[in-house]
Each structure stands twice: as C-alpha cells, then as structure tokens.
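Quick notes on the structure that follows.
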Amino acid sequence: MNKYELLINTLNALRKEAPKSYKSYYPDINDINKVNAANSRAYIHLLLKAKFNLLTFEEREKFISDGPQDGGIDAYYIDYEKKEIYFIQSKFRTNDENFKTKFISLDEINKMDIDRISKGEKADKNGKDYNGKIKGLIRELSEIEQISRYNFYVIILANVDKGLAAAMEKLLELPFEIYNYEKAYEELVFPIVRGTVHQATDISVNLNLGSKNNYTMDYLVKEGEFTTSVQLFFVPIAEIAKLMSNYKNSILKYNPRSYLGASNNEVNASIKDSVINRSDNVFALFNNGLTILSDKTSFTSRTGRDGMGELGLLNPQIINGGQTAYTLATIFEDENIDNSVFDNKEVLVKVITFDEEMKEEENKQKLIDDLSLTTNNQSKVTVADRKSNTEVQIDFQNYLFSNYGYFYHKKTGEFSEGLEKGYITKDQIIERDTIIRIVYAINGKPNVARRSSEDTLYTMSDYDRFFNKNLGSEKYDRIYYSYLVYKYLCKREKEIVDKTVYGEGLRYGKYAIINVISKFLTDEYFDRTEDSLKLIADEILYQWKEFERMQSNKKSNINYFYEKEEILKQENKNGKEKMEDLIITTRVEDFDNYYKGSTINNDLNDYEFKITKNEETQS
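Going by the working numbering, the letters in the sequence shown line up with residues 1 to 619, in that order.
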C-alpha cells in the first residue's frame with residue numbers, strides 16, 4: 001500500500017465516523033463522482049482533526065462550509081482560547097499522481113471572499129447570497145466579543161506552486177499556511193494514525209485546584225549548567241482524566257508507554273478500584289503520582305472563584321504516571337460510570353519546568369531518559385520502550401514513513417488507535433523487534449540476532465554502534481530493503497511444499513540469509529526495486545543447501561554436526577545363544593543451534609556466494 005492508498009484508507013475510516021443520516025458520506029461505491037466528493041469532504045475532516053484536535057465527527061462537520069456559494073471558504077475554525085480564526089480552502093485530488101503534482105490555481109485562491117465575509121456581508125459581489133454555513137460563520141464572528149484581539153489566518157490544503165506562494169501574501173493580506181501533499185502525509189495522516197493529533201507543542205492547559213490544597217512546594221535543582229524547577233501540587237483526578245482523554249499520545253511524547261500501551265496491566269485494575277469503589281481520598285495515599293514536564297509553569301490562587309486555584313502548564317508532557325492517567329481517562333470516558341466517582345479525590349503531581357537552555361531537545365533528552373528510568377518502576381518497562389524516544393528511533397520512524405509509507409512501531413501500542421479505527425492494517429506496521437534483529441544481522445552478527453532477546457539486543461554495547469543518529473539515508477535504506485527480504489523469506493517459507501529445498505535456512509537461518517543478501521544491496525547488483533530484490537534473494541536461496549552441506553562437514557562445526565552412536569541391547573528370546581548388542585550410528589545435524597552459535601558468522605564471510613550483476617541481468 002502506497003501513501004496515497006493509505007490516505008484513502010484513512011478518509012474512508014473518517015467517513016465511517018459519520019452518523020448514517022449523513023448520506024453523502026456513504027455513497028454508492030460504484031458512483032465514482034460521489035465517492036470522490038465524500039473523500040474530498042473527509043479530507044477537510046482530516047485537517048480539522050489533526051490540526052485542531054476536533055475528535056468527533058459532529059465537532060468537525062459544523063465547521064465545514066464546502067458547497068455552492070461558499071465564498072471560496074471550504075471550512076473555518078474559531079479558537080476562542082487562543083483568539084484565532086482560520087479560513088480554509090481545500091483541493092482534494094482523486095489519484096496519486098495528481099495529489100502529488102497538481103497545483104491549486106490563482107483563480108481558486110481569488111475566490112476566497114474573506115474580506116467580504118469577515119466584514120459581515122451576506123452576499124457575494126454579484127449579489128448572490130452565501131450558503132447557510134457561511135451565514136452561520138458571519139453570525140459567529142458578529143457574536144465574538146473584542147474580535148479586534150483575534151488574529152486571522154488562512155490555510156490552503158493543496159499544492160501551491162512557488163510563484164503563487166510568493167504572491168499569496170499580497171493576494172490574501174493575511175498570514176497563511178500551506179499543506180501540500182508532503183505536509184499532509186507527515187502532519188495530518190501520520191499523527192492521526194499514531195493518535196498524536198494536536199501536536200504537544202500546541203498544548204496549553206489549566207488545572208483547577210481545590211482550595212485546601214493550594215499550598216505548593218517549589219524547589220530548584222541544579223544540573224550542571226542548567227537549573228530546573230520542581231513544584232508539587234495535589235490536583236483533582238478529574239482534571240488529569242480530562243487532560244489525558246483529550247490529548248492521549250500527544251502528551252506522552254517522552255513517556256516509554258503510549259496511550260494504549262499503558263492498558264492491559266494489573267496495576268490499572270488497582271487504580272480503577274481505588275477511584276470507583278472508595279469514597280474517601282485514599283487515592284492520593286496509595287498512588288505514586290504523576291511527573292509532568294512543562295516549558296512554562298504558573299500558579300495562582302487569585303482566580304476570583306472561591307476555593308479554586310489555577311495551574312497553567314505550557315506544552316505538558318507526562319513522563320511518569322502514564323498508567324494512572326490512562327486509567328483515569330478510561331473511567332472518564334466510560335458512559336456507565338458517573339463522574340461523581342472523581343469527587344474529592346486528588347493525586348500528587350510533580351511538575352518539572354526547564355530553564356530556557358534546557359528547552360533544546362538535545363539538552364533535555366538525557367535528563368528525561370534518567371527521569372524515566374528512575375520513576376517508571378510501578379510496573380515493568382522494557383529497555384526497547386525506554387529507548388523509543390531516542391533521536392535515531394524517531395528519525396528512523398519518520399524516514400520510513402516519509403520515503404516508503406511504512407509505520408515503524410518503536411513504542412508499544414503507539415499505532416493501536418490507527419488499527420482500531422481502521423486507518424491502517426497490520427501489514428503496514430514494521431515491528432521494532434524485527435528491525436533490531438535485522439540491524440544486528442546486516443552488521444555481521446546474525447547469530448546474535450537469532451539467539452538474543454529484544455531487551456538484550458538493546459542493552460548490548462553494539463547497539464549504539466549499529467543503530468545511531470549518524471546512519472543516514474543510505475544505511476536506513478539498507479535496513480528497509482533487508483526488511484523486505486525478511487518478509488519475502490517468511491512468504492517463501494509458507495509457500496514451499498518441500499521444506500528442505502533450501503536446506504534449513506528458511507526455518508532457522510533467516511537472519512544469516514539476510515546477512516548475505518545485504519552485502520549485494522549495491523548498485524552493482526541491485527536497482528532498488530522489489531523485483532530485483534527477489535531475484536537476489538532467490539539466487540542466494542538456490543545456493544543455500546550447498547552452503548549448509550559444506551559447513552556441516554567442517555571440523556570447526558563438530559559441535560553441531562557429528563556422528564552419534566547408540567547401543568541397542570538385544571534380548572535373547574530362546575535362551576540358547578548369547579546375542580551381541582547392536583551399535584547404531586546416526587547423523588546429528590543441529591541447525592537450530594548452529595545458526596545461534598559461534599561459527600556461523602565466519603562461515604558466512606568465508607563462503608563465496610555468487611550473484612548475477614545488474615548489466616548481466618539486463619542483457
């Protein structure tokens with residue numbers, strides 16, 4: 001599935017969120033024009049969900065104005081908290097090529113009657129009334145108090161050529177943002193699938209504090225040249241539940257667990273019990289609390305509301321307590337549980353605020369890793385999950401999606417929502433366990449890849465040498481194509497009837513085969529197509545049985561391949577003569593341990609595999 005097919009799949013899933021009464025979202029699949037129209041409208045839903053965190057269909061649909069007499073405004077959005085108003089024009093393209101190459105026209109930009117509409121005019125320059133949605137927008141604008149304090153923006157959800165982009169500032173007379181096809185994939189589709197809509201950098205929240213807990217503790221910690229502020233608060237658990245329910249993975253960027261990765265744990269049942277089945281506030285006593293990172297933190301008890309304080313957090317990120325927040329969110333979202341169960345219950349929240357220097361990603365990452373390691377001890381967190389937020393993991397994930405449309409599963413559960421909602425299928429996800437084994441295999445250690453656990457692979461000294469931020473696109477590509485080899489080998493193993501045709505390689509030696517094939521992923525042999533990759537794989541497979549025969553006769557492999565004698569005692573049934581014991585010799589071929597053992601790596605290096613060169617194939 002290419003990225004455009006992924007986009008269509010995502011739009012189809014978004015359309016299914018519409019109530020059945022919205023018939024235009026459920027067209028006859030044989031009516032191409034109506035299907036395209038439905039997808040065009042769903043494309044605007046995609047923007048509204050990913051950009052503005054509008055999670056329900058009804059929330060988004062009320063802002064869509066696309067239709068006859070829409071004044072060139074297909075949708076709008078008013079953010080009353082940030083005092084921002086957006087006018088949106090979208091141009092959906094119905095095939096992959098047009099989606100990447102077709103530009104919006106100057107005429108289409110000029111059709112945006114932003115000036116007339118924002119001034120309250122209900123008809124276009126020809127005297128024709130705008131449609132009902134645009135009139136609703138005009139009414140909303142007229143009801144905004146102190147609208148002069150609001151900023152106006154334009155979003156173009158389409159490809160814009162460089163010349164038009166340069167002229168748009170004069171044409172629109174407003175700040176604008178362009179979502180071309182690349183940005184649509186990376187900032188709309190990818191976050192939707194990961195459940196990170198409304199990027200964490202945009203989040204600013206307030207938490208109301210009960211008056212009896214308005215006392216706070218503030219402590220400064222010196223870490224080398226940086227100073228970090230640590231503050232303690234008791235926060236109503238209802239506020240944590242709302243925060244997590246609203247933002248999910250967006251506030252778990254630095255947490256070793258994703259939103260749904262925090263589920264299915266016995267700790268969660270205990271947390272849930274202390275909320276639902278206890279009326280007192282033992283929750284604060286028994287729970288370890290949360291640790292939240294914040295770029296800027298403010299607190300005041302002068303709110304004008306009796307018994308209420310206010311805590312402001314800019315770009316909050318939960319690095320510890322994800323399971324607590326997850327469980328509270330599931331209770332909050334459960335229609336069968338009354339929200340009164342949250343009453344008079346608080347949880348301890350430790351807020352860590354970085355100074356200006358520490359806000360740089362590189363500076364804060366080490367401290368975050370150390371904090372995560374020491375604080376996430378309520379239940380087991382794998383080493384792989386702990387390392388899921390390192391620079392190479394993030395970079396590799398982005399590279400695979402941007403270049404190949406695959407989703408690298410670096411953190412447990414991060415694509416669960418995408419799977420659950422039908423945005424993607426399992427075959428579009430590449431598991432990190434497979435990738436790390438491939439990384440070891442192509443770096444000369446297929447035996448380690450075969451025998452070691454995932455956590456062991458992540459903790460070995462070779463890990464940082466084999467998989468680091470300096471690899472670059474060429475080595476990322478080598479890992480990706482080696483993954484395609486792995487998929488092909490798994491497919492061949494299932495297809496072949498005679499399981500011994502390639503020896504025991506497909507059963508026990510996939511990573512050894514990948515090690516060999518990866519050496520031929522050069523321009524001399526490989527033209528970067530899947531067909532070429534399969535030809536190389538097949539040539540290696542045809543030589544594999546002979547490779548195994550040769551290795552099984554080497555003295556260095558006597559621990560795996562040897563003659564074994566067994567004595568079979570004969571029974572004398574008639575008692576007349578003594579019968580000699582039989583000695584039976586059998587051949588032991590332990591390929592399972594051979595591919596895990598100490599000799600396979602050198603054997604692969606010493607054996608001369610032959611591959612047809614590119615020019616020979618073409619001739």
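Virtual Cβ for every residue (Gly too), placed ideally from N, Cα, C.
First and last residue of the uninterrupted alpha helix (DSSP H) at residue i
| i | result |
| --- | --- |
| Phe396 | Glu391 to Tyr404 |
| Asn447 | Pro446 to Arg451 |
| Asn131 | Where Asn131 is concerned, there is no enclosing alpha helix (DSSP H), given that its DSSP letter is neither H nor E. |
| Thr10 | Lys3 to Arg15 |
| Gln543 | Glu530 to Ser552 |
| Lys49 | Ile32 to Phe52 |
| Glu420 | Ser416 to Glu420 |
| Ser388 | Segment: none, Ser388 is in no alpha helix (DSSP H) and carries neither H nor E. |
| Leu106 | Leu106 to Asn110 |
| Glu97 | Asp96 to Thr101 |
| Lys510 | Lys510 to Ser518 |
| Ile114 | Ile114 to Ser118 |
Straight-line gap, residue i to residue j (C-alpha atoms, nearest Å)
| i | j | result |
| --- | --- | --- |
| Thr390 | Phe396 | 10 Å |
| Ser118 | Tyr153 | 12 Å |
| Val383 | Glu177 | 39 Å |
| Leu582 | Leu604 | 39 Å |
| Lys494 | Ile513 | 16 Å |
| Ser340 | Glu310 | 21 Å |
| Thr327 | Ile271 | 7 Å |
| Lys545 | Asn553 | 13 Å |
| Lys128 | Lys122 | 8 Å |
| Ile319 | Thr291 | 6 Å |
| Ser298 | Ala18 | 40 Å |
| Val282 | Asp273 | 11 Å |
| Asn36 | Tyr43 | 10 Å |
| Val439 | Ala449 | 8 Å |
| Ile368 | Leu220 | 17 Å |
| Thr500 | Lys16 | 47 Å |
| Arg587 | Gly418 | 51 Å |
| Gln317 | Val235 | 16 Å |
| Phe520 | Asp538 | 13 Å |
| Asn557 | Glu504 | 16 Å |
| Glu186 | Ala13 | 18 Å |
| Ile424 | Asp606 | 43 Å |
| Gly163 | Leu137 | 31 Å |
| Lys170 | Asp295 | 35 Å |
| Val349 | Leu293 | 10 Å |
| Thr612 | Glu5 | 34 Å |
Integer Cβ distance of residue i from residue j, believed to fall under 8 Å
| i | j | result |
| --- | --- | --- |
| Val351 | Gly289 | With a Cβ gap of about 11 Å, Val351 and Gly289 do not count as contacting. |
| Asp74 | Gln89 | 5 Å |
| Ile584 | Glu566 | 5 Å |
| Arg41 | Ile8 | Rounded, the Cβ-Cβ distance is 14 Å, inconsistent with contact. |
| Thr353 | Ser250 | Their Cβ separation, rounded to whole angstroms, is 19 Å, which puts Thr353 and Ser250 out of contact at 8 Å. |
| Asp462 | Lys445 | 7 Å |
| Asn39 | Leu11 | 5 Å |
| Asp455 | Arg257 | With 8 Å as the limit, Asp455 and Arg257 do not qualify as a contact, their Cβ atoms being about 16 Å apart. |
| Ile536 | Ile479 | Contact doesn't hold; Cβ gap of about 16 Å is too wide. |
| Tyr77 | Leu48 | 7 Å |
| Asn287 | Thr324 | 6 Å |
| Lys222 | Arg451 | No, Lys222 and Arg451 are not in contact; Cβ-Cβ is about 45 Å, not under 8 Å. |
| Ile85 | Tyr150 | 5 Å |
First through last residue of the beta strand (DSSP E) which encompasses residue i
| i | result |
| --- | --- |
| Gly322 | Counting along the chain, Gly322 falls outside any beta strand (DSSP E), though it belongs to the alpha helix (DSSP H) covering Gly322 to Glu333. |
| Met308 | Met308 to Leu314 |
| Leu348 | Glu346 to Phe354 |
| Ile429 | Ile429 to Glu431 |
| Glu84 | Glu84 to Ser90 |
Contact with chain C by residue i, beta-carbon distance below 7 Å
| i | result |
| --- | --- |
| Gly444 | This model lacks chain C altogether, as it is built from one protein chain only. |
- Task: Could I get the ranges of all uninterrupted alpha helix (DSSP H) runs contained in the segment 133–194, with 4 residues as the minimum, in chain order?
- Result: Runs of the alpha helix (DSSP H) lying entirely within the segment 133–194 and spanning at least 4 residues, in chain order: 162–172, 181–184 and 190–194.
- Query: Quick one: any contact between the segment 597–608 and the segment 531–540, if contact means 3 or more CB pairs under 8 Å?
  - Reply: Two segments are said to touch when three or more pairs of C-beta atoms, one from each, lie closer than 8 Å; by this definition the segment 597–608 does not touch the segment 531–540.
- Item | Every unbroken alpha helix (DSSP H) within the segment 587–611, with a cutoff of 4 residues, ordered by chain | For the segment 587–611, whole alpha helix (DSSP H) runs of length 4 or above, ordered along the chain, are 591–594 and 600–606.
- Pairing CB atoms from the segment 170–185 with CB atoms from the segment 143–160, are three or more of them under 8 Å? With three or more CB-CB distances shorter than 8 Å, the segment 170–185 counts as touching the segment 143–160.
- Message: Quick check for students: name the residue ranges of the alpha helix (DSSP H) that lie wholly in the segment 435–497, counting only runs of 4 or more.
- Response: When DSSP assignments are scanned along the segment 435–497, the uninterrupted stretches of alpha helix (DSSP H) that are 4 or more residues long and fall wholly within it turn out to be 446–451, 454–459, 462–466 and 472–495.
- Query: Three or more beta-carbon pairs under 8 Å between the segment 502–519 and the segment 426–434, yes or no?
  - Reply: With contact defined as three or more Cβ pairs closer than 8 Å, the segment 502–519 and the segment 426–434 are not in contact.
- Query: Where are the beta strand (DSSP E) runs, 3 residues long or more, that stay fully inside the segment 227–271, in chain order?
  - Reply: The segment 227–271 contains no whole beta strand (DSSP E) run of 3 or more residues.
- Item | Stretch pair the segment 316–333 + the segment 234–253: three plus CB contacts closer than 8 Å | Proximity of the segment 316–333 to the segment 234–253 meets the contact definition, three or more beta-carbon pairs being nearer than 8 Å.
- State whether the segment 184–195 contacts the segment 396–414, with contact taken as three or more CB pairs (one from each stretch) at a distance under 8 Å. The segment 184–195, when compared against the segment 396–414, does touch it at the 8 Å Cβ threshold.
- Message: Does the contact criterion of 3 or more C-beta pairs under 8 Å hold for the segment 132–145 versus the segment 65–72?
- Response: In short, these stretches touch, since the Cβ pair count reaches three.
- Touch check for the segment 409–426 and the segment 483–492: three-plus C-beta pairs under 8 Å? In short, these stretches do not touch, since the Cβ pair count stays below three.
- Are three or more beta carbon pairs between the segment 136–151 and the segment 95–109 nearer than 8 Å? No, because fewer than three Cβ pairs between the segment 136–151 and the segment 95–109 fall closer than 8 Å, the two stretches do not touch.
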